[in-house]
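Presented below is the structure to which this report refers.
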Amino acid sequence: MRAVVQRVACASVEVEGRIVSEIGPGLLVLVGLHESDVDSDADYICRKVLNMRLFPNDKSGKNWDQNVMQKNYGVLLGYFSCAMEIIRDGKWKECIVGYLIDKNIPFLAVIGACLGANL
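Residues are numbered in our numbering as their position in the sequence shown, beginning at 1, plus a constant of 40.
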């Protein structure tokens, strides 16, 4: 399991022209899953994302000092189906869009529940 984390001023998810989720300032997290992932991997990613010090402290002026919880910012979680390509014999395997998406939905739910419980 891997996560690509981007600080954002705002972010949204649009499906068929309709916004289904959005946040103001915070983090956009794209998660790549692998068939060998277990629930403890999801918990690890959640803790890591929540505790990354990516934001400035307005009181002290110190950069990279506060996490998303301290700033009371949002987290938007997305699934990146091509994030976990395996390198075999020095060559990238072909990316299969939607790879095991049904299997990965429970992992995304675990991460989402963890993030939601802590924000």
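Ideal placement from N, C-alpha and C gives every residue a C-beta, glycine not left out.
Legend entry - Cβ pair V45, V69 closer than 7 Å: yes
Legend entry - Selection from A49, L73, S52 that minimises the alpha carbon distance to V150: L73
Legend entry - Buried versus exposed, by CB contacts within 10 Å (16 or more), Q106: buried
Legend entry - Per-residue DSSP class, three states only, for R93: Three-state DSSP puts R93 in coil, outside helix and strand.
Legend entry - Backbone secondary structure at A49 - three-state DSSP: coil
Inset, instruction - May I ask you to report which of helix, strand or coil DSSP gives G156? - result: helix
Inset, instruction - Tell me, please, whether the stretch 109-121 touches the stretch 56-69 by the rule of three or more beta-carbon pairs shorter than 8 Å. - result: The stretch 109-121 makes contact with the stretch 56-69, as at least three CB pairs between them are under 8 Å.
Legend entry - Buried or exposed (CB count within 10 angstroms, at least 16 for buried), G138: Low local confidence applies: a pLDDT of 46 at G138 is under 50, so the model's placement there is unreliable, with the coordinate-based value given in what follows. Exposed, by the Cβ-count rule.
Legend entry - Continuous beta strand (DSSP E) stretch holding V108: start and end: No beta strand (DSSP E) holds V108; the alpha helix (DSSP H) holding it covers 108-111.
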